[in-house]
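Engineer: Under my numbering, the residue at position 19 of the sequence shown is numbered 21, and the numbers go up by one with no gaps.
All C-beta atoms, glycine included, are put in the ideal place defined by N, C-alpha and C.
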Amino acid sequence: MKLFEVTLESETHYDAVFMTHHFVFSESEQNAAESAEFLNPGFCAVNVEEIRYTIH
Numbered sequence: 003m004k005l006f007e008v009t010l011e012s013e014t015h016y017d018a019v020f021m022t023h024h025f026v027f028s029e030s031e032q033n034a035a036e037s038a039e040f041l042n043p044g045f046c047a048v049n050v051e052e053i054r055y056t057i058h
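1) Please list, in chain order, all residues of the same chain as ALA47 whose beta carbon is under 6 Å from its beta carbon, the five residues on each side excluded.
2) Start and end of the beta strand (DSSP E) containing GLU29?
3) Tell me which residues share the same chain as LYS4 and place their Cβ nearer than 6 Å to its Cβ, disregarding the 5 neighbours each side in the sequence.
4) Kindly indicate which three-state DSSP category GLU36 falls into: helix, strand or coil?
5) Does the Cβ of PHE6 have 16 or more other Cβ atoms within 10 Å, making it buried, or fewer, making it exposed?
Below, the structure written as structure tokens:
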């Protein structure tokens, strides 16, 4: 599993930018984006970045 930070943008507010960030454990960028969109109705993923981490 990889950790991704997904940046989401509101699909309904075009006059102002409404953004949020969601952290998702997933196998791929595509799955992370889909999961974040599912958990945040009305938002679409605009950026997905893998977060590097180490478990001690």
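Structural biologist: In short, the structure shows the following:
1) Here residue 47 refers to the residue found at position 45 when the sequence shown is read from its first residue. Within the same chain, ALA47 has close Cβ partners VAL8, LEU10, ALA35, ALA38 and GLU39.
2) Here residue 29 refers to the residue found at position 27 of the sequence shown. Taken as a continuous stretch (DSSP letters only), GLU29 belongs to no beta strand (DSSP E), as it is neither H nor E.
3) For this step, residue 4 is matched to residue 2 along the sequence shown. The answer, listed in chain order, is GLU52.
4) Reading the sequence shown from its first residue, position 34 is the one you call residue 36. Of the three classes helix, strand and coil, the one that applies to GLU36 here is helix, per DSSP.
5) For the purposes of this step, residue 6 is taken as residue 4 along the sequence shown, with counting starting at 1. Buried, by the Cβ-count rule.
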